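Worksheet: the structure to be examined is printed underneath.
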Amino acid sequence: MDPFLATHQDSAQAEALLDLVTNQLDASMGMLTLHGPEGERPRILTSRNMSTSLASTMAASIDRDLSRPGDSNGAEWWGAMAWPSTVSRDGDGHARVTFLYRATPWRAIGLTACRDDRREDRWGELQSSELKSWVEPILGLIWRAEHEYALREGLARAIDRFDFGIVLLDADASPWFVNARARQLFDAGDGIRRAGHAIAASDFDDTIRLQTAIRHDSVSGDSFHVLLLHRTRMRPLIAVVASLDCEHDLCGKPATALYLLDPDRDSRAMVSALCRAHGLTATESELAMHLVGGATVENAANRMHIQIQTARAYLKQVFAKTGTHRQAELVRAILRGIVLIG
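Each residue of the sequence shown is one higher than the last, beginning at 0 in numbering that gives the first Met the number 0.
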């Protein structure tokens, strides 16, 4: 999978299982569904020859079955297959048999085979037990794959809230994971860019330094290297190369992390939020933001259209609320407290 693209896992495994079961049961239709707590809409992972409306109707019917406290014997179950005792039929003559694997007390994965004739043979009952030995473990694998995907997606979304780029590189210096902010920087191609399946800086000398740092950290396990990646129209990107100190193996796990920070990104929103957290008033916050931006007290007073003495009075209040005593200490305290969240 291309780490520069945000895509879901390959569904070939789920589709292959669905095809095998429906063929084995001589069923013309089928679907694979995920079910959560009562009131949570089921999700259709894949389907075969089923309309969206029919699949949704049957998924809702399976949900109703799952909302019962136990199976036909009155026993709670999860972590294993629950087998249907009868073949269900709807008003349109569709017969279905559903194999359920409840992974937790509140979540299950279901495989449904369906056909649209009115034959009265016991096709599901007679053959379902023969499928148990290989359907159950595969359903468990599909569940775990979906669970791992959901976890990775949640972590990726959390990482994407931070306003800096993160690239995880394997031992061969190939991207293993690229977050949304890093993809934006790569797409801009100024300072950092794609180079086939690898990465490179826009400047040739920067590329040599970057690749040397990545190779050195992945082998030696040193803490980190800081580099400046020059850009044509803006200040250089700040690149931090840090070893993850992982043992190399055949899985190609990430060995190095590359953090990319853009000094030209506007951080005023987070500075303002931090000022409010310190209890500063709107005027005190405005003064602090001017000082963090590099202005002197005199320059800040002119921009705020107030007297210098008034600005100094406000500054004393800012010092008291932030626990600082000098302007440089105030700026340092605010900058250290900024977490760049976009």
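Note that beta-carbon positions come from the ideal geometry of N, C-alpha and C, so glycine has one too.
Remember, predicted model here, so these are calculated numbers, not experimental data.
Candidates the options, of which the one nearest residue i by Cα
i	options	result
residue 27	37, 34, 46 and 39	46
residue 184	104, 313 and 198	198
residue 330	286, 227, 268 and 226	286
residue 95	61, 104 and 112	112
residue 134	273, 12, 146 and 313	12
residue 235	262, 213, 244 and 214	262
residue 92	106, 237, 115 and 98	115
residue 201	20, 258, 228 and 316	228
residue 130	20, 163, 60 and 66	20
residue 334	315, 290 and 319	290
residue 296	15, 142, 256 and 327	327
residue 159	174, 179 and 280	179
residue 145	24, 336 and 107	107
residue 18	48, 33 and 43	48
residue 170	324, 255, 23 and 316	255
residue 344	318, 316, 306 and 98	This structure cannot speak to residue 344, because the chain is shown only from 0 to 341.
residue 319	232, 279 and 52	279
residue 288	268, 305 and 306	268
residue 44	132, 266, 14 and 157	14
residue 223	233, 211 and 232	211
C-alpha distance - residue i paired with residue j, whole-angstrom precision
i	j	result
residue 292	residue 303	14 Å
residue 195	residue 152	25 Å
residue 276	residue 63	48 Å
residue 41	residue 104	15 Å
residue 308	residue 283	14 Å
residue 252	residue 243	10 Å
residue 186	residue 204	21 Å
residue 230	residue 189	5 Å
residue 139	residue 100	7 Å
residue 191	residue 274	33 Å
residue 226	residue 2	23 Å
residue 241	residue 336	22 Å
residue 58	residue 65	11 Å
residue 60	residue 149	25 Å
residue 110	residue 88	16 Å
residue 102	residue 55	21 Å
residue 174	residue 264	24 Å
residue 37	residue 272	39 Å
residue 325	residue 315	9 Å
residue 143	residue 29	21 Å
residue 298	residue 317	17 Å
residue 147	residue 39	20 Å
residue 352	residue 163	Residue 352 falls outside the range modelled here, since the chain spans only 0 to 341, and no answer is possible.
residue 281	residue 233	31 Å
residue 193	residue 25	49 Å
residue 22	residue 266	58 Å
residue 52	residue 141	24 Å
residue 215	residue 323	40 Å
residue 132	residue 35	25 Å
Which of helix, strand or coil DSSP assigns to residue i
i	result
residue 110	strand
residue 17	helix
residue 87	strand
residue 302	helix
residue 24	coil
residue 326	helix
residue 32	strand
residue 336	helix
residue 11	helix
residue 229	coil
residue 105	coil
residue 203	helix
residue 136	helix
For residue i, the first and last residue of its enclosing beta strand (DSSP E)
i	result
residue 242	236-242
residue 318	That residue, residue 318, is in no beta strand (DSSP E); its alpha helix (DSSP H) goes 307-321.
residue 97	94-101
residue 192	191-194
residue 256	255-260
residue 197	197-200
residue 38	No beta strand (DSSP E) contains residue 38, which DSSP labels as neither H nor E.
Residue i: first and last residue of the uninterrupted alpha helix (DSSP H) it sits in
i	result
residue 185	179-187
residue 46	Counting along the chain, residue 46 falls outside any alpha helix (DSSP H), though it belongs to the beta strand (DSSP E) covering 42-47.
residue 290	281-291
residue 268	267-276
residue 59	51-65
Proximity below 7 Å, CB of residue i to CB of residue j
i	j	result
residue 167	residue 161	no
residue 165	residue 155	no
residue 239	residue 258	yes
residue 310	residue 294	no
residue 16	residue 137	yes
residue 207	residue 172	no
residue 260	residue 237	yes
residue 332	residue 321	yes
Residue i Cβ short of 6 Å to the ligand NAD heavy atom set
i	result
residue 115	The ligand NAD is not among the ligands present in this structure, which contains no ligands whatsoever.
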